[in-house]
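These notes are about the structure you will find just below.
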Amino acid sequence: MPTLIYKFQNEERRVALNDRLTIGRADDNDLRLQCDSVSSHHAIIARDGGRFQLTDAGSRYGIFADGQQVSRLDLQEGATFALGDVEFVFSAKDGAANDTAAAPPPPAAAPEPDPLAEIAAFKSAHDKILAEIGKVIVGQRTALKQMLVALFARGHCLLIGVPGLAKTLMVKTMGNAVDLKARRIQFTPDLMPSDITGTDILEEDAATGKRVFQFHRGPIFTNLLLADEINRTPPKTQAALLEAMQEHRVTISGATYDLPDPFMVLATQNPIEQEGTYPLPEAQLDRFMFCVHLGYPSVPEELQVISETTRNVEAAVAAALNAAGVLKLQHLVRQVPVSQHVAQYALNLIRATRPNAEGAPDFVNRWVRWGAGTRAGQYLLLAAKAHVLLEGRFSVSCADVREYALPVLRHRIFPNFTAASESVTTDQIVKKLVEAVKEPKY
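Residue 0 is where the sequence shown starts when you use numbering that gives the first Met the number 0, and the numbers rise one by one after that.
Written out as structure tokens, the structure is:
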């Protein structure tokens, strides 16, 4: 009987294959793996005639074979594949489940990665992506860099800018440059949560005549989701994104569905017109890693825009990276070490935003109603890690943390009435904080 061999918790294990085997983290799977990198329902192995075929069950992390992400794989003798961090070997030979002699030789150990080569590849990929986006988007380099940092750090971005600054075009172009599936939702007052996540529809089976509910996936099942004018829809609909942004999954009628990986939400807001809008709740704002403010272009940039966009010329954006490459770079970001000194500095920054807390500056007690939570500190360190890799380095300093203090904290600090009466903005408070909070002593 064919056998599936895998190593889990430092122990080699075997599973005999019949006609069908489901693999995942949930209790209802035939092969249950309590591993964070394995999705609730990750993959299915099914017999197709005289052969076995492995199929992705809509997992978050996907299936990898020979270093490539695949959705389907024909299993032959000695075939190897990985589900998250768990590697499998397929053996078509007959043998008992505990017969180690019948097992094929384990795959050769992969060579140890070269950190310097990986850093160089990261920086090269970033430069190529910016070059491709630059074919369409003129200027806005700071905003683009922050969006890419958020992508590689597995975060989300809230883009705030007046109409006509190419916010929507920027997201679409970034999707093309990294070869990720992108979808756009226009948020309106009558938009319902099911319009985002999907819904169960009663369908009739033509063969049996039975009626069953089938789940039809909404536009949230994509890699890059553009939530256009997110504050135009009521909080009930805005809340449809909460689970997706934090846990990369959605729950419909008691059933949970994993979103594709990578997954990123890029939401836009118009800061001018507030009539007919619904301010984002604090919990929703905190899900966004960055709040990116887009300003007007410079004179040369604006001249280039109005000159080139009024001609019958369309730039072609080539894919500089694919989904598997993005996942690899996201994993690399998490491997960057951070010293206790830098982590303490990030912690001091976020704790200083909280009024009446120990060490909070006087101006925070005067102007701030609520400060930043712990997630702000996590995002400060993740942003600094991604930033140093983009710069071709592997060491995080306090200066790298300060680089992203403004986009991380500006939407997590809530001014009080005193600040409003004195026309003090959150940006001004964050800048004063960066000046006031000193680096900890060694």
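By construction, the Cβ of each residue, glycine as well, lies at the ideal position given by its N, Cα and C atoms.
Please read all numbers here as calculations on a predicted model, not as lab measurements.
Once you ignore the five residues that flank A149 on each side, which residues in its own chain have a CB closer than 6 Å to its CB?
Contacts found: C156, M288 and F289.
Is it a yes or a no for the segment 202-217 touching the segment 161-179, going by three-plus beta-carbon pairs under 8 Å?
Result no; under three Cβ-Cβ pairs closer than 8 Å.
F413, DSSP secondary structure in three states
Here F413 sits in strand by DSSP.
Can V436 and R409 be called in contact, C-beta distance under 8 Å?
Inclusion of V436 and R409 in the CB contact set at 8 Å is not warranted, their separation being larger than that value.
Below 8 Å on the Cβ atoms is my contact criterion, and I expect V325 with V177 to pass it. Report the Cβ-Cβ distance as a whole number of Å.
With a Cβ gap of about 6 Å, V325 and V177 count as contacting.
State yes or no: is the C-beta of Q268 within less than 8 Å of the C-beta of N230?
Cβ distance < 8 Å, so Q268 and N230 count as in contact.
When the Cβ atoms of the segment 40-47 are set against those of the segment 11-19, are three or more pairs found closer than 8 Å?
By the Cβ criterion, the segment 40-47 is in contact with the segment 11-19, since at least three pairs of Cβ atoms, one from each stretch, lie closer than 8 Å.
Where do the ends of the alpha helix (DSSP H) carrying L432 lie?
That run of the alpha helix (DSSP H) goes T425 to A435.
Between the CA atoms of E242 and K180 - distance to the nearest angstrom
Between K180 and E242, the C-alpha separation is close to 20 Å.
Can you tell which of T232, G208, T207 and V264 has its C-alpha closest to the C-alpha of I219?
Considering only alpha carbons, the answer is V264.
Sequence-distant residues of the same chain with beta carbon closer than 8 Å to Q245, five excluded per side:
Excluding positions up to five away in sequence, the list reads R286.
Quick check: what's the CA-CA separation for F7 versus V85?
C-alpha separation (whole angstroms): 7 Å.
First and last residue of the uninterrupted alpha helix (DSSP H) at D399:
Its alpha helix (DSSP H) spans residues C397 to E402.
Environment of Q283 [buried if 16+ CB atoms lie within 10 Å]:
So Q283 ends up on the buried side.
For F151, the first and last residue of its enclosing alpha helix (DSSP H):
In the DSSP assignment, F151 falls within the alpha helix (DSSP H) that extends over R140 to F151.
Cβ shell of H215 (< 7 Å), same chain only, five flanking positions each side left out:
G197, T198 and I200, listed in sequence order.
Within the continuous alpha helix (DSSP H) that includes M340, where are the two ends?
In the sequence as displayed, the identity of residue 340 is His instead of Met. Q339 to R350 is the extent of the alpha helix (DSSP H) around H340.
Three-way DSSP call (helix, strand, coil) for T99 in this model:
Its pLDDT being 39, under 50, T99 is placed unreliably in this model, and the value from its coordinates should be taken loosely. T99: helix per DSSP, three-state reduction.
Give me the Cβ distance between P188 and P261, rounded to the nearest whole Å; I'm assuming they're in contact under 8 Å.
Actually they are not in contact, since the Cβ atoms of P188 and P261 sit about 30 Å apart, beyond 8 Å.
Could you name the residues that DSSP lists as bridge partners for W369?
For W369, the pairing in a beta bridge is given by DSSP as F413.
Per the contact definition of three or more C-beta pairs closer than 8 Å, is the segment 63-82 in contact with the segment 318-332?
A contact exists between the segment 318-332 and the segment 63-82.
Extent of the continuous beta strand (DSSP E) to which S90 belongs
Run containing S90: V85 to S90, per the beta strand (DSSP E) assignment.
CB-CB under 7 Å to S36, same chain, minus the five flanking residues each way: which ones, in chain order?
So the qualifying residues of the chain are Y60, G83 and D84.
W366 vs V423 beta-carbon contact at 8 Å
Yes; because the gap between Cβ atoms is below 8 Å, this pair is in contact.
Is there contact here, the segment 367-381 with the segment 338-354, by at least three beta-carbon pairs under 8 Å?
For the pair of segments examined, the segment 367-381 was found to touch the segment 338-354: the number of CB pairs separated by less than 8 Å reaches three.
Taking C-alpha atoms, which residue in L72, A25, G294 and F80 lies nearest to A254?
Distances from the alpha-carbon of A254 to those of L72, A25, G294 and F80 put A25 closest.
DSSP state of I118 mapped onto helix, strand, coil:
I118 falls in the helix class under three-state DSSP.
Tell me the rounded alpha-carbon separation between V137 and L168.
Cα to Cα, the separation comes out at about 11 Å.
For the segment 194-238, list the alpha helix (DSSP H) runs that are entirely contained and at least 4 residues long, ordered along the chain.
At a cut-off of 4 residues, the continuous stretches assigned as alpha helix (DSSP H) that sit fully inside the segment 194-238 are 234-237.
Between R31 and N355, what straight-line distance do the alpha-carbon atoms span, to the nearest angstrom?
For R31 and N355, the gap between their C-alpha atoms comes out near 48 Å.
What are the boundary residues of the beta strand (DSSP E) that includes G23?
Boundaries of the beta strand (DSSP E) harbouring G23: R19 to G23, taken from the DSSP string.
Just mark K384 as buried or exposed, buried being the case when its beta carbon has 16 or more other beta carbons within 10 Å.
Counting C-beta atoms within 10 angstroms of its own C-beta, K384 has 16 or more neighbours from the protein chains shown and is therefore classed as buried.
Closest by CA to L293, which one among Y403, I4, T141 and R374?
For the residues Y403, I4, T141 and R374, the minimum Cα distance to L293 belongs to T141.
Near N97, what residues of its chain come up, given a Cβ to Cβ distance below 6 Å and the 5 sequence neighbours on each side ignored?
Note that N97 scores a pLDDT of 44, beneath 50, so its modelled location is shaky; the value from the coordinates is reported in the next line. Answer for N97: no residue qualifies.
I'd like to know whether the C-beta atoms of L143 and L129 end up nearer to each other than 8 Å.
Yes, they are a contact pair.
Going straight from the alpha carbon of L405 to that of R353, what length do you get?
L405 and R353: Cα-Cα distance of roughly 16 Å.
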